[in-house]
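Going by UniProt numbering, the first residue of the sequence shown is number 1, and it counts up by one from there.
Following: one structure in C-alpha coordinates, then a few remarks.
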Amino acid sequence: MPPDAKTGLKPRKLPRQARSQATVDAIFDATIQVLLAEGLQRLTTIRVAERAGVSVGTLYQYYPHKQALLFAVLERHLVRLGDRMEQAAVSVHHQPLAIMVPAVVDAFVQAKTERIDEARALYAVAGELDSRELILETQKRGRVTLGAMLKTALDTEFRDLNMAAWMLSAAMAGPTRLMIEGEAPASMLRSLRRHIESLCLGYLEREGSPHSAFEQSAEH
(Lines of atoms letter the chains of each structure in order from A and count residues from 1; the text may use other names and numbers.)
(Lines give C-alpha, C1' and ligand atoms only; values in the text may rest on other atoms or scores of the structure.)
Protein backbone atom coordinates (compact mmCIF):
# COMPACT_ATOMS: atom_id res chain seq x y z
CA MET A 1 0.00 0.00 0.00
CA PRO A 2 1.40 3.45 -0.86
CA PRO A 3 2.59 5.39 2.17
CA ASP A 4 0.22 8.07 3.39
CA ALA A 5 2.74 10.28 5.10
CA LYS A 6 4.38 12.95 2.96
CA THR A 7 7.73 12.00 4.45
CA GLY A 8 7.28 8.52 2.98
CA LEU A 9 7.82 9.95 -0.50
CA LYS A 10 11.09 11.68 0.33
CA PRO A 11 14.40 10.11 -0.76
CA ARG A 12 16.59 8.49 1.88
CA LYS A 13 19.51 10.60 0.72
CA LEU A 14 20.48 12.95 -2.09
CA PRO A 15 23.44 12.48 -4.43
CA ARG A 16 26.42 14.53 -3.28
CA GLN A 17 29.07 13.65 -5.85
CA ALA A 18 29.17 13.42 -9.64
CA ARG A 19 29.33 9.63 -9.53
CA SER A 20 26.27 9.28 -7.29
CA GLN A 21 24.41 11.87 -9.39
CA ALA A 22 25.14 9.79 -12.48
CA THR A 23 23.74 6.74 -10.70
CA VAL A 24 20.54 8.56 -9.78
CA ASP A 25 20.19 9.90 -13.34
CA ALA A 26 20.52 6.35 -14.65
CA ILE A 27 17.84 5.19 -12.21
CA PHE A 28 15.52 7.99 -13.28
CA ASP A 29 16.01 7.26 -16.98
CA ALA A 30 15.45 3.56 -16.37
CA THR A 31 12.24 4.36 -14.47
CA ILE A 32 10.89 6.20 -17.51
CA GLN A 33 11.92 3.35 -19.82
CA VAL A 34 10.22 0.71 -17.66
CA LEU A 35 7.18 2.93 -17.21
CA LEU A 36 6.77 3.21 -20.99
CA ALA A 37 7.55 -0.45 -21.71
CA GLU A 38 5.66 -2.11 -18.87
CA GLY A 39 3.14 0.44 -17.63
CA LEU A 40 2.65 1.96 -14.20
CA GLN A 41 1.14 -1.11 -12.54
CA ARG A 42 3.91 -3.48 -13.69
CA LEU A 43 6.76 -1.14 -12.81
CA THR A 44 8.84 -2.49 -9.91
CA THR A 45 12.07 -1.40 -8.29
CA ILE A 46 13.64 -4.70 -9.40
CA ARG A 47 12.84 -4.01 -13.07
CA VAL A 48 14.13 -0.44 -12.74
CA ALA A 49 17.38 -1.53 -11.10
CA GLU A 50 17.99 -4.15 -13.80
CA ARG A 51 17.37 -1.59 -16.56
CA ALA A 52 19.64 0.96 -14.84
CA GLY A 53 22.41 -1.59 -14.37
CA VAL A 54 22.56 -1.17 -10.60
CA SER A 55 21.68 -3.42 -7.69
CA VAL A 56 18.33 -3.11 -5.94
CA GLY A 57 20.29 -2.30 -2.80
CA THR A 58 21.85 0.70 -4.54
CA LEU A 59 18.42 1.92 -5.61
CA TYR A 60 17.12 1.51 -2.05
CA GLN A 61 19.97 3.65 -0.74
CA TYR A 62 18.15 6.57 -2.34
CA TYR A 63 14.50 5.54 -2.66
CA PRO A 64 12.87 3.25 -0.08
CA HIS A 65 10.07 2.06 -2.38
CA LYS A 66 8.41 2.43 -5.76
CA GLN A 67 6.25 5.42 -4.79
CA ALA A 68 9.24 7.45 -3.57
CA LEU A 69 11.08 6.70 -6.81
CA LEU A 70 8.14 7.74 -8.98
CA PHE A 71 7.66 10.90 -6.94
CA ALA A 72 11.32 11.84 -7.49
CA VAL A 73 11.02 11.24 -11.25
CA LEU A 74 7.89 13.39 -11.41
CA GLU A 75 9.60 16.10 -9.37
CA ARG A 76 12.57 16.13 -11.76
CA HIS A 77 10.22 16.52 -14.73
CA LEU A 78 8.39 19.44 -13.11
CA VAL A 79 11.57 21.20 -12.03
CA ARG A 80 12.93 20.95 -15.57
CA LEU A 81 9.68 22.34 -16.95
CA GLY A 82 9.84 25.23 -14.49
CA ASP A 83 13.46 25.93 -15.41
CA ARG A 84 12.69 26.08 -19.11
CA MET A 85 9.71 28.34 -18.56
CA GLU A 86 11.76 30.66 -16.36
CA GLN A 87 14.58 30.87 -18.91
CA ALA A 88 12.13 31.67 -21.70
CA ALA A 89 10.27 34.28 -19.65
CA VAL A 90 13.41 36.05 -18.45
CA SER A 91 14.74 36.18 -22.01
CA VAL A 92 11.79 38.35 -23.11
CA HIS A 93 11.53 40.75 -20.18
CA HIS A 94 10.90 44.33 -21.35
CA GLN A 95 9.49 43.18 -24.69
CA PRO A 96 6.00 43.67 -26.21
CA LEU A 97 3.35 41.01 -25.60
CA ALA A 98 3.65 39.80 -29.20
CA ILE A 99 7.20 38.67 -28.41
CA MET A 100 6.59 37.49 -24.84
CA VAL A 101 3.70 35.16 -25.52
CA PRO A 102 5.25 33.07 -28.34
CA ALA A 103 8.43 32.64 -26.27
CA VAL A 104 6.76 31.18 -23.19
CA VAL A 105 4.17 29.19 -25.12
CA ASP A 106 6.89 27.66 -27.29
CA ALA A 107 8.92 26.69 -24.20
CA PHE A 108 5.93 25.12 -22.46
CA VAL A 109 4.52 23.20 -25.42
CA GLN A 110 7.93 21.97 -26.54
CA ALA A 111 8.77 20.74 -23.04
CA LYS A 112 5.50 18.83 -22.87
CA THR A 113 5.39 17.38 -26.39
CA GLU A 114 9.02 16.63 -27.32
CA ARG A 115 8.63 13.31 -25.46
CA ILE A 116 4.89 13.02 -25.45
CA ASP A 117 4.78 9.39 -24.32
CA GLU A 118 6.78 10.34 -21.24
CA ALA A 119 4.54 13.31 -20.49
CA ARG A 120 1.44 11.14 -20.80
CA ALA A 121 2.91 8.53 -18.46
CA LEU A 122 3.87 11.15 -15.87
CA TYR A 123 0.34 12.58 -15.86
CA ALA A 124 -0.75 9.08 -14.84
CA VAL A 125 1.96 8.93 -12.17
CA ALA A 126 0.81 12.26 -10.73
CA GLY A 127 -2.71 10.88 -10.47
CA GLU A 128 -1.53 7.84 -8.53
CA LEU A 129 0.67 9.61 -6.00
CA ASP A 130 0.06 12.15 -3.26
CA SER A 131 1.53 14.83 -5.51
CA ARG A 132 -0.92 17.68 -4.94
CA GLU A 133 1.54 19.79 -2.95
CA LEU A 134 4.26 19.29 -5.54
CA ILE A 135 1.89 20.24 -8.37
CA LEU A 136 0.72 23.35 -6.50
CA GLU A 137 4.30 24.44 -5.86
CA THR A 138 5.13 24.01 -9.54
CA GLN A 139 2.07 25.96 -10.62
CA LYS A 140 2.89 28.76 -8.18
CA ARG A 141 6.43 28.97 -9.53
CA GLY A 142 5.05 29.23 -13.05
CA ARG A 143 2.63 32.02 -12.13
CA VAL A 144 5.35 33.99 -10.36
CA THR A 145 7.56 33.61 -13.43
CA LEU A 146 4.81 34.73 -15.81
CA GLY A 147 3.72 37.58 -13.56
CA ALA A 148 7.26 38.93 -13.35
CA MET A 149 7.47 38.80 -17.14
CA LEU A 150 4.12 40.48 -17.77
CA LYS A 151 4.98 43.25 -15.33
CA THR A 152 7.77 44.33 -17.69
CA ALA A 153 5.69 44.31 -20.90
CA LEU A 154 6.60 47.36 -22.97
CA ASP A 155 3.25 47.90 -24.59
CA THR A 156 0.73 46.66 -22.02
CA GLU A 157 0.00 47.01 -18.31
CA PHE A 158 -2.42 44.97 -16.23
CA ARG A 159 -4.71 46.21 -13.52
CA ASP A 160 -4.82 42.71 -12.03
CA LEU A 161 -1.41 41.24 -12.78
CA ASN A 162 -1.98 38.23 -10.55
CA MET A 163 -5.14 37.25 -12.43
CA ALA A 164 -3.42 37.73 -15.79
CA ALA A 165 -0.62 35.37 -14.73
CA TRP A 166 -3.13 32.76 -13.48
CA MET A 167 -5.06 32.84 -16.74
CA LEU A 168 -1.97 32.74 -18.93
CA SER A 169 -0.70 29.71 -17.02
CA ALA A 170 -4.07 27.94 -17.23
CA ALA A 171 -4.47 28.74 -20.94
CA MET A 172 -1.20 26.96 -21.67
CA ALA A 173 -1.58 24.00 -19.33
CA GLY A 174 -5.23 23.11 -19.90
CA PRO A 175 -5.35 22.51 -23.67
CA THR A 176 -1.90 20.87 -23.64
CA ARG A 177 -2.89 18.33 -21.03
CA LEU A 178 -6.22 17.60 -22.73
CA MET A 179 -4.51 16.90 -26.04
CA ILE A 180 -1.75 14.77 -24.53
CA GLU A 181 -4.04 12.65 -22.37
CA GLY A 182 -6.70 12.52 -25.08
CA GLU A 183 -4.13 11.25 -27.59
CA ALA A 184 -4.93 13.99 -30.09
CA PRO A 185 -3.83 13.36 -33.69
CA ALA A 186 -0.31 14.40 -34.63
CA SER A 187 -1.66 17.08 -36.94
CA MET A 188 -3.42 18.79 -34.03
CA LEU A 189 -0.35 18.55 -31.82
CA ARG A 190 1.76 20.19 -34.51
CA SER A 191 -0.58 23.19 -34.57
CA LEU A 192 -1.11 23.31 -30.80
CA ARG A 193 1.52 25.98 -30.22
CA ARG A 194 -0.06 28.38 -32.71
CA HIS A 195 -3.55 27.97 -31.27
CA ILE A 196 -2.39 28.48 -27.69
CA GLU A 197 -0.51 31.60 -28.76
CA SER A 198 -3.73 33.00 -30.26
CA LEU A 199 -5.69 32.10 -27.13
CA CYS A 200 -3.18 33.69 -24.74
CA LEU A 201 -2.38 36.77 -26.78
CA GLY A 202 -6.06 37.51 -27.43
CA TYR A 203 -6.86 37.32 -23.72
CA LEU A 204 -3.91 39.45 -22.62
CA GLU A 205 -4.54 42.12 -25.24
CA ARG A 206 -8.20 42.33 -24.22
CA GLU A 207 -7.54 42.46 -20.48
CA GLY A 208 -4.50 44.72 -20.58
CA SER A 209 -4.30 48.44 -21.18
CA PRO A 210 -1.84 50.23 -23.45
CA HIS A 211 1.25 51.12 -21.46
CA SER A 212 1.47 54.91 -21.11
CA ALA A 213 5.27 54.95 -21.46
CA PHE A 214 5.04 52.89 -24.66
CA GLU A 215 2.40 55.23 -26.11
CA GLN A 216 4.51 58.29 -25.36
CA SER A 217 7.62 56.78 -26.99
CA ALA A 218 5.56 55.81 -30.06
CA GLU A 219 4.29 59.38 -30.41
CA HIS A 220 7.84 60.68 -30.51
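Beta carbons: idealized from backbone N, C-alpha and C, even for Gly.
What you are looking at is a predicted structure, and each value in this text was computed from that prediction instead of being measured.
Within 10 angstroms of the beta-carbon of Arg-47 lie 16 or more other beta-carbons, which makes it buried. For Phe-28, the enclosing alpha helix (DSSP H) has its first and last residue at 18-38. One thing to note: Ala-49 has its Cβ no nearer than 8 angstroms to the Cβ of Gly-8. Per the Cβ contact rule, the segment 33-46 is not in contact with the segment 88-98 (fewer than 3 Cβ pairs under 8 angstroms). The Cβ atoms of Lys-66 and Leu-43 lie closer than 8 angstroms to each other. Straight-line measurement puts the Cα of Glu-157 at about 6 angstroms from the Cα of Gly-208.
Looking at Leu-204, Leu-154 and Ser-187, the one whose alpha-carbon comes closest to that of Trp-166 is Leu-204. The straight-line gap separating the alpha-carbon atoms of Leu-134 and Asp-117 is approximately 21 angstroms. Glu-157 is bridged by DSSP to Ser-209. Counting every other CB atom within 10 Å of its CB across the protein chains shown gives Gly-147 a total of 16 or more, marking it as buried. The beta-carbon distance between Ala-173 and Leu-150, rounded to whole angstroms, is 16 angstroms. This is too long to meet the 8 angstroms contact definition. When DSSP states are grouped into helix, strand and coil, Ser-55 belongs to the coil group. Its chain contains Leu-192, His-195, Ile-196 and Leu-199 as the residues whose beta carbon lies nearer than 8 angstroms to that of Pro-175, once the 5 sequence neighbours on both sides are disregarded; these appear in chain order. The segment 96-110 makes no contact with the segment 49-63, as fewer than three CB pairs between them are under 8 angstroms.
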